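Visitor: For reference, the structure I am asking about is given below.
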Amino acid sequence: MAFFALGTIPGLLAIGYSSVKFQSNPQTSTSFSAIAGYLVLFFALFNINAQLSVVGLPNLSDAFATNSSYSKTVGSTGELAPIVNGQQIIKMDASSSGYTP
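Each residue of the sequence shown is one higher than the one before, starting from 1 at the first, in the UniProt record's numbering.
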């Protein structure tokens, strides 16, 4: 935990220092506040989406996924994976919804 704190100190100090400097100038104050607000909202949505993915609930990654992998059923081809030099070689696709052989 101490190493985490030491590692984040430079970045947090830089953010704090830039915040103080930008807030002192009225022209940059509004731009800095708007950009900081958008960044906070972006990271909030990013973290919510990641948690939905971890829990297995529908998320933004599912919205952009192709539906071709969902329509395939496991074992629909009826072919077994080939054995080459004593090893069974398989081809599999991994996505946020699972694995498809």
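Ideal placement from N, C-alpha and C gives every residue a C-beta, glycine not left out.
Treat the numbers as computed from the prediction; the structure is a model and nothing was measured.
Confirm, please, whether the CB-CB distance from residue 96 to residue 53 is below 8 Å.
Guide: yes
Visitor: At the level of alpha carbons, what is the spacing between residue 65 and residue 20?
Guide: The straight-line gap from Cα to Cα measures roughly 42 Å.
Visitor: Decide if the stretch 44-62 is in contact with the stretch 81-100; the criterion is three or more beta carbon pairs, one per stretch, under 8 Å apart.
Guide: Taking 8 Å as the limit for Cβ pairs, the verdict is that the stretch 81-100 does touch the stretch 44-62.
Visitor: Just curious, the alpha helix (DSSP H) that residue 33 is in, first and last residue?
Guide: 26-55
Visitor: Can you grab the Cα-Cα spacing for the pair residue 167 / residue 92, in whole Å?
Guide: For residue 167 there is no data in the structure shown, the boundaries of the chain being 1 and 101.
Visitor: Which of helix, strand or coil does DSSP assign to residue 65?
Guide: coil
Visitor: Taking DSSP's pairing of strands, which residues face residue 88 in a bridge?
Guide: Looking at the DSSP assignment, residue 88 forms a beta bridge with 83.
Visitor: Looking at residue 86 and the ligand ADP, is the gap between the Cβ and the nearest heavy atom below 7 Å?
Guide: The model depicted lacks the ligand ADP and carries no ligand whatsoever.
Visitor: Does DSSP put residue 97 in a helix, a strand or coil?
Guide: coil
Visitor: From residue 28 to residue 41, what distance separates their C-alpha atoms?
Guide: 20 Å
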